[in-house]
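Note that my numbering has the sequence shown beginning at 7, numbered continuously upward.
Where is the CB? At the ideal position from N, CA and C, for every residue including glycine.
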Amino acid sequence: MHSEHDPITVILATDSRRLGDGLADFLRDLPDIDLTGRTDHLDGLLGLVDELDPQSVIIGIRSPVVTAEATIAAAHQLRERRPDVGIVVISDRAQEFAVELLRRGSAGMAFLLDGTLPGFATVVSTLRRLRLGQAALGSSTVGSLVRPGDVVGIEDPSPRETDILEQMAHGRSNRAIAVELHMSVKSIEKGIT
Numbered sequence: 007m008h009s010e011h012d013p014i015t016v017i018l019a020t021d022s023r024r025l026g027d028g029l030a031d032f033l034r035d036l037p038d039i040d041l042t043g044r045t046d047h048l049d050g051l052l053g054l055v056d057e058l059d060p061q062s063v064i065i066g067i068r069s070p071v072v073t074a075e076a077t078i079a080a081a082h083q084l085r086e087r088r089p090d091v092g093i094v095v096i097s098d099r100a101q102e103f104a105v106e107l108l109r110r111g112s113a114g115m116a117f118l119l120d121g122t123l124p125g126f127a128t129v130v131s132t133l134r135r136l137r138l139g140q141a142a143l144g145s146s147t148v149g150s151l152v153r154p155g156d157v158v159g160i161e162d163p164s165p166r167e168t169d170i171l172e173q174m175a176h177g178r179s180n181r182a183i184a185v186e187l188h189m190s191v192k193s194i195e196k197g198i199t
């Protein structure tokens, strides 16, 4: 069992050695983060999570060889088996990932566009938000999802859908969004879908 005063335990799964090495070096220097494991592929991720019991997993995808479907499947499997584990996906392919990753709810999930990250500090603040049970969706991701006429994203979102996306961008959980917008959690989940 993890205490809120313990360092955040993290497993790093990246297909890019450069991104993985940079993140690993940065995370190792932080007193409130404990990088407990690392893998270069998604195949062994679930076993590593079961073995090391982290609070969060960072999945970094840059290679075109790793498909969106494989990443989404791994994230959903992890969410089903370990709903207590926060998941941060870092990718340069927003349209391929964001909607499908969040389709089953946003609590404990984060999606960051690696092309727009201001630095590793964003990843760390996202880990801290996930520890609190919040979701995190980069503002550039929200912008790409709500652009009218976007073929893959959401076309012409309703005002309510836009409100939900704005709340998600602020890192609020489905429950917090429901309270803020005076809606049921089920309605929020439907709006996200």
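Option in the options with minimal Cα separation from residue i
i, options, result
"Val129", "Arg137, Leu118, Glu75", "Leu118"
"Ser131", "Val185, Ser190, Leu36, Pro165", "Leu36"
"Glu167", "Leu187, Ser179, Ala182", "Leu187"
"Ala113", "Glu57, Pro165, Lys192", "Lys192"
"Arg68", "Gln61, Ser62, Pro60, Thr77", "Thr77"
"Glu75", "Pro165, Asn180, Arg24, Leu48", "Leu48"
"Leu171", "Val95, Val185, Ile194", "Ile194"
"Asn180", "Met115, Arg137, Arg134", "Met115"
"Asp98", "Ser22, Ala81, His11", "Ser22"
8 Å CB neighbourhood of residue i in its chain, flanking five on each side removed
i, result
"Gly26", "Leu18, Thr20, Arg44, Asp46, Gly66"
Residues of its chain near residue i, where Cβ-Cβ distance is below 7 Å and the 5 sequence neighbours each way are ignored
i, result
"Leu33", "Val16, Ile39, Leu41"
"Arg88", "Val55"
"Gly197", "Arg166, Glu167, Ile170"
As assigned by DSSP and simplified to three states, the class of residue i
i, result
"Leu138", "coil"
"Met115", "strand"
Per DSSP, the bridge partner or partners of residue i
i, result
"Ile194", "DSSP lists no partner for Ile194."
"Val16", "Leu41, Ser62"
**Request:** Identify every run of the beta strand (DSSP E) within the segment 29-100, keeping only runs that are complete inside it and at least 3 residues long; order them along the chain.
**Result:** 39-45, 62-67, 92-97
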